[in-house]
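Since the structure comes first, as C-alpha cells, the remarks are kept for the end.
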Ligand SMILES: [Cu+2]
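Protein chains in written order, with the numbering used here: chain A, 305 to 498; chain B, 50 to 641.
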C-alpha cells in the first residue's frame, strides 16, 4: 500500500485534525456565548424562588474550580510525557486529568443536589432555568472529556499510544483546555460577579 | 446480488463526488416536496374564501414549505456543489475528513425524513419556519408539531456544523501546491465564507432550540412571560442565526455565478479581489443586522436607526458584486448557454430583490410592509430569483463534469424561460398584493379586498414554475439516454476541475497539479506545461468505504425519536448506537 505522498502534505503544514478541532472550538464558543448571554440577560429578572446571593456557595465552587485548573496542568504533563515516549507518566497524567475532571463533576452533582434541596430547580425561576442549563451543558462537556481521556488511557494500556500518536492526546488536550477556560468564564460571570 | 452490493457501495461511500451526488438527489427530492406544498397553498389562495385546505393545514404547509426550502432544499443543494466541485477546484483527492462528510449527509437525510414523517402522523410543524415564542410553548402548541420541528432542526444543525468544519479544513489545508488563497476560484472562496457563517451561526439557534425544548419538556421558564421571561429572547437568538442564514443561502449561488459568467464571457472575472472581499464583508456585516426583522416589536429609535443603517450598508458590498458581474460581461464574447441564462437571470432577479430589501431596511417603510405579501415578494426574489436560479445555473454548468453528458440546451432554454417568466408572474404581483394589505400566513382573504385577479395571476405563475421544473426533470431523463457525451472541458473554462476527465476518475487527479495562476487552464504559464497523464504513475491509495458514519447517523435519529416520543429506552438505544458508532469509527483502520 503506497500512500499518495500528496495527501500527507498540507497547505498550512498543520495536521487537518488540529485545524478541525480549532474550528469546532470556535463553533462551541458561540454556543457557550449564547448560553452565557442568556444568563446575563435574565440576571435579576426572576420573580420567585432563591437566586444567586441566597444559594451560591463560592468557597465550595472555588475548590472545584481549582481542581479543574489543576486538571489542565496534568493534561499538559500528559502531552509532554506521550511526546517523549514516556508510557508510564503518560498513563499517570492521563489518569490524573480524568480523575480531577471526575472530582469536578462530583462537586457539580453535589452542588446541584444541594440546590434542589434548597428549593432551586429548573422550573422554579429564571435563575434556575438559566443556571442549570448553562452549568449543565458545561458539565456534559466535562463528562465527554473524561470519557475521551479514559479512552486514551485504555489505548495506552493496549500499547497503542506511542509518541507517533501524540496528536491524539494533543486534540483531547485542546478540547480539555477549552472546557476549562469556559468554566473560568462561567465561574467569573455566575459566581464572582453577582 | 449485484444491485445489493451497488446500493451498499453507495451507503458506505466516502467519496466526495458520490456524496455530492447523494446530496443533490436528496435535496432535489425535498425541493419537489417543498414546491408541492407551495402549489397547494397557491391553489387555496387562487380565489377569495377558498376552501381547498383548512386553516390548520395551511399553517402546516407554510411552515414546512419554508423549513423545507431553507434547510432541506437550498442548503443541501449548495452542499452538493461544495462536495463535488470544491475538492476538484483546489486540486485535492477528497475532503479532509471523508467519513465525517458521509456522516453529514446521512444526518441531513435522516433529519429531513424525520421532519417530514410528521405529516404521516398528522403533526406537521405549524408555527412558521421562524417558530416565534411563545406560540411554540406547550400551552399554545400542544401535541408533537413543534417537537418535530425543534428536534428536526437540532439534528440538521449537527449535519451542517460537521460539514462546515470539514469544508473549512479542506479549503484551508488541502489546496494543491501553488493554490494560494488569492488564487482560489471564487466558488471555493464563497464556500469557505459560507462555512464560516455556518459554524458560527448554527450554535446560536442550537442554544435557542435547547431553551425551547427545555421549556416544553421540563417546564423551564426561558420564554415564559409569567415567570419574567422575555419572548423577544427567541426573536433575538433566532434572527442572530436567521440573518446570517440568508447569506448561507445566497453566497454559494453568488460563487456559482462568479464561475459561470467569466466562462461564457471569455473574460476573467472583473475585480476578483473585490468580489472576494465583498463576500467576506457581507459575512461580517451580516452579523450586525438581525434586528431589522424585529422593527415592529418596538426596539426604540436608537436601535432601529442602528439596524437600519447597518442593513443599508450591507447593500454596498452586494451592489459591488453585481457591478463586477456586469463589468465581466461588458465587452466579452458572450455565449448564452442555459447556464449563462440562469446566471444572467440571477443578476436581474437579485437586483429587484435587493432593491425591495433596501426598501424595508427603513423602519417606517418596514412597519407598512412587514407581515404582508410585500415581504414574501422580496425574499422570494432573492431566494428563488437568487439562490434557486444560481443553483440551476450550476447544475447546467457542472452537469457534464459530474455525469459525463451535457444537458440538452434546447430543453434547457424551455426550462429557463418557464422558470423566469413563472417566477416573475408569481412574485412580482405579490408586491402589490402586499402593499394593498393582504397579510402573510393567512389561509384565505375576503372578496371585498379586490385581490382575486392578482392572486390568480400569482397562482398561474407558480404553476408555470412547476412546469419549468418538470421540463428540467424531462431534460435529465432525455440526457440520461441520449445526452451528448462531454469532453473534459466542454465549456473551455479556466478552473482545475476542467483539467480532468468528465466524469472524473475516482482519484480525481492522476498527479496533483501545481498551480501557477488564478486561471490555471486559461493563462499560458498558469498550469504546469505537461498535461496530466492519463493514468497515475504509481498506485494511489484510496480509502475504502465505511458503514460507521451511517450507523452513527442512525443512532442520532433514533435518539431524536426517543426524545420526541418521550421514550427513555428508545433514546438510550440511540445514544448506545451513537457511542458504538463513534468508537468503531475512531478505531477502524482508515487511511486518508
Ligand atoms: Cu435579515
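The beta-carbon is built from N, C-alpha and C at its ideal position, and this holds for glycine as well.
Taking 6 angstroms as the limit between beta carbons, can you name the residues of its chain near residue i, skipping five residues before and five after?
i: residue 167(B); result: 173, 197
i: residue 141(B); result: 223
i: residue 623(B); result: 604, 607, 608, 611
i: residue 469(B); result: 394
i: residue 359(B); result: 337, 338
i: residue 298(B); result: 123, 436
i: residue 304(B); result: 235, 236, 239
i: residue 265(B); result: 187
i: residue 310(A); result: Below a pLDDT of 50, predicted positions are generally treated as unreliable, and residue 310(A), at 40, falls in that range; the measurement from the model is reported next regardless. So no residue of the chain qualifies.
Rounded to whole angstroms, what is the Cα-Cα separation between residue i and residue j?
i: residue 306(A); j: residue 592(B); result: Note on residue 306(A): pLDDT 35, under 50, position unreliable in the model; the coordinate value appears next. Near 12 angstroms, if we compare the C-alpha coordinates of residue 592(B) and residue 306(A).
i: residue 97(B); j: residue 507(B); result: 13 angstroms
i: residue 331(A); j: residue 331(B); result: 19 angstroms
i: residue 284(B); j: residue 343(B); result: 8 angstroms
i: residue 589(B); j: residue 143(B); result: 12 angstroms
i: residue 365(A); j: residue 352(B); result: 39 angstroms
i: residue 475(B); j: residue 114(B); result: 16 angstroms
i: residue 64(B); j: residue 505(B); result: 47 angstroms
i: residue 464(A); j: residue 474(A); result: 15 angstroms
i: residue 323(A); j: residue 376(B); result: 37 angstroms
i: residue 193(B); j: residue 102(B); result: 21 angstroms
i: residue 422(A); j: residue 353(A); result: 10 angstroms
i: residue 290(B); j: residue 334(A); result: 11 angstroms
i: residue 457(A); j: residue 137(B); result: 39 angstroms
i: residue 578(B); j: residue 230(B); result: At residue 578(B) the pLDDT is 48, less than 50, meaning the model places this residue with poor confidence; the figure from the coordinates comes in the next sentence. Taking the straight line joining both Cα atoms gives about 22 angstroms.
i: residue 310(B); j: residue 371(B); result: 11 angstroms
i: residue 372(A); j: residue 178(B); result: 41 angstroms
Cβ of residue i versus every heavy atom of ligand 1: is any distance shorter than 8 angstroms?
i: residue 355(B); result: no
i: residue 339(B); result: yes
i: residue 431(B); result: no
i: residue 288(B); result: yes
i: residue 292(B); result: yes
i: residue 590(B); result: no
i: residue 491(B); result: no
i: residue 295(B); result: yes
i: residue 285(B); result: no
i: residue 65(B); result: no
i: residue 194(B); result: no
i: residue 342(B); result: yes
At 8 angstroms on the CB atoms, spell out the chain A contacts of residue i, in chain order.
i: residue 499(B); result: The contacting residues do not exist; residue 499(B) stays about 45 angstroms from chain A at best.
i: residue 249(B); result: 330, 331, 334
Residues of chain B with CB closer than 8 angstroms to the CB of residue i, please, in chain order.
i: residue 327(A); result: 213, 214, 217, 218, 248
i: residue 318(A); result: 222
Less than 8 angstroms between C-beta atoms, sequence neighbours within five positions excluded: which residues of the same chain meet that for residue i?
i: residue 445(B); result: 386, 387, 388, 391, 456, 461
i: residue 364(B); result: 403, 406, 407, 410
i: residue 441(A); result: 335, 336, 339
Identify the residues that DSSP records as bridge partners of residue i: which are they?
i: residue 109(B); result: According to DSSP, residue 109(B) bridges with nothing at all.
i: residue 455(B); result: 533(B)
i: residue 488(B); result: 421(B)
Given that residue i touches chain B, what residues does it touch there, using C-beta distances under 9 angstroms?
i: residue 387(A); result: Neighbours of residue 387(A) on chain B: none; closest Cβ ~21 angstroms, over 9 angstroms.
Tell me which residues share the same chain as residue i and place their Cβ nearer than 7 angstroms to its Cβ, disregarding the 5 neighbours each side in the sequence.
i: residue 362(B); result: 334
i: residue 79(B); result: 117, 121, 122, 161
i: residue 258(B); result: 199, 202, 203
i: residue 626(B); result: 600, 603, 604, 607
i: residue 452(B); result: 552
i: residue 459(A); result: 465
If the cut is a Cβ gap below 9 angstroms, which residues of chain A does residue i touch?
i: residue 269(B); result: 426, 427, 430, 432, 433, 434, 436, 437
i: residue 111(B); result: None at all; the shortest Cβ gap to chain A is about 27 angstroms.
Note down, in chain order, every chain A residue with its Cβ under 7 angstroms from the Cβ of residue i.
i: residue 223(B); result: 314, 315
i: residue 278(B); result: 430
i: residue 210(B); result: 331
Residue i touches chain B at which residues, Cβ-Cβ below 7 angstroms?
i: residue 351(A); result: 276, 277
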